[in-house]
Amino acid sequence: MNIYKYDIVYQEVPHHISLALYVCGCPLQCPGCHSPELWTEKTGTPLTREGLLSLLNKYCDRISCVLFLGGEWHEQELVSLLQVAREQSLLTALYTGLDVVSPELEKHLDFLKTGPWRRELGGLASPNTNQIFRDLRNGQILNHLFQTNSKETSL
Ligand code: SF4
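Residue numbers (our numbering): 359 to 513.
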């Protein structure tokens, strides 16, 4: 599974600073996607468990969550990487353009954003959005936190 880039982000997971990893290869190709460079799987570099552990060691004093977003993923590889994050006592999050993910994948996640980008409906900051951001630890929908203080995003 290739990663196009990574960044430290402050708004994508409410109340947490996250290491965001942008996954290459998104088959959904939503019109208006802000990151079409992520549509192909042929860019970026492979992210191994060792590579992720190295990043976590570098940023562990700044982050409380690891977030995968951008393109879609290879489930077994993603689960393996989410396990690395949890082994470091970090929370885990995924932004997907799909409406559902497998129960097995959900077991390894604390936060999940589902739903493709629909320009006419807007992202999480829009009250009309089709996207849903859930805290899987308690099942709560947290969209209201984006609608009061967050920026628009098309991921
Ligand atoms: S908005 Fe997200 S789900 Fe849609 S094409 Fe872009 S990366 Fe893929």
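The beta carbon of each residue, even a glycine, is placed where N, CA and C say it ideally should be.
Counting along the chain, S376 sits inside no alpha helix (DSSP H); it lies in the beta strand (DSSP E) bounded by residues S376 to V381.
In this structure, the straight-line span from the alpha carbon of E399 to that of E435 is close to 14 Å. The beta carbon of L396 sits closer than 6 Å to at least one heavy atom of ligand 1. Short of 7 Å from the beta carbon of R407, and not among the five residues preceding or following it, lie these beta carbons of its own chain, in chain order: S438, L439 and V442. In this model, Q498 and L482 are separated by some 15 Å (Cα to Cα).
Ranked by Cα distance from L456, the first of V371, Q387, I361 and H374 is Q387. Straight through space, the alpha carbons of D365 and G428 are spaced by roughly 12 Å. For R492, the three-state secondary structure derived from DSSP is strand. L440 sits in a helix when the DSSP states are folded into three classes. At a cut-off of 3 residues, the continuous stretches assigned as beta strand (DSSP E) that sit fully inside the segment 443-502 are 449-453, 469-472 and 490-493.
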